[in-house]
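A short worksheet on the structure shown next.
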Amino acid sequence: MRKKVIAGNWKMNMLPNEAIGFITELTPLVKSATHDVVLCVPYTDLFYALLTAQNTNIRIGAQNMSQYEKGAYTGEIAAPMLKSIGVSHVIIGHSERRQYFNETDEAVNEKVKSAFNHGLEPIVCVGETLEQREAGKVDEVITSQMQKALDGLTTEQVQKTILAYEPIWAIGTGKTASKEDANEAIKAIRNKIAEIYGQMTADSVIILYGGSVKSTNAKELFEMSDIDGGLVGGASLKVEEFSKIVNYDTQK
Ligand code: PGA
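Residues 2 to 253 (my numbering) are what the sequence shown spells out, left to right.
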């Protein structure tokens, strides 16, 4: 059985003192969680977050990284830098990076490879726009993004990749995909993985849903057959709300 992963994506929010306070408060609330708990924080919070999360079940991730290992790339952060301070996960190809920073499928693919080369667990995002959904192209768009992102990886690496299906129209809008639509899209990704890498790999890949996940819809989404947890933006900025999402299965 696949484990569940609940990952927060703070985006460009939270100063170090806020990060320390948040993680200190969150720790007792999620200590009994049976799922993996990951917080993807801004670069400037990483070190403080890692120290605060030491000896807890909260893992710390970054929200982006360079595809290059080192060199003259002013302002960039490379995988070995993240790894060296103890970061475990990294979000790659978030739609905001694709949209606002022109991140291409090729760059996403190179970043995923570099993450694996340096022992980071990538959380790779795919998702369609509203126009693409309305044109009936959901499966085509997301399976193609997935294929390009994972191109050239070994089967073992594919098995270790965390994918996140995040319909762009649902991110930060309060609109959530219906649990059925989200599950169908994730199934389409899983079927394509089965076609390319075999059923065993498809059955072991963790695929999250993201897009306006909150405590009131987490349970119904995460209990669907193919949804293995969530990538949570806005609702990961409030300790109580995020802890309820993590504990979706034990809440009354
Ligand atoms: P949201 O963001 O939960 O605020 O919609 C999700 C994400 O962008 O990962």
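Heads up, the beta-carbon is just placed ideally off N, CA and C, and yes, glycines get one too.
- In the structure shown, the three-state DSSP call for D37 is strand.
- V214 carries a coil assignment under DSSP once its states are collapsed to helix, strand and coil.
- In the three-state scheme derived from DSSP, where H, G and I count as helix and E and B as strand, E104 is classed as coil.
- In this model, I190 and I169 are separated by some 16 Å (Cα to Cα).
- Closest in C-alpha terms to Q160, from the list F117, E132, D140, comes F117.
- C-alpha of E132 to C-alpha of Y249: approximately 32 Å in a straight line.
- Not one heavy atom of the ligand PGA lies closer than 7 Å to the C-beta of I93.
- Distance from the Cα of V6 is smallest, within the candidate group Y49, I59, K112, for I59.
- Each of F102, T53, V109, T75 was checked against the Cα of V91, and the nearest Cα belongs to V109.
- Judged by beta-carbon spacing, V113 lies within the 8 Å limit of V125, meaning their Cβ atoms are closer than that value.
- Take D140, set aside five residues on each side of it, and the residues of its chain with a beta-carbon closer than 6 Å to its own are A189, in chain order.
- Here I190 carries a helix assignment [DSSP, helix/strand/coil].
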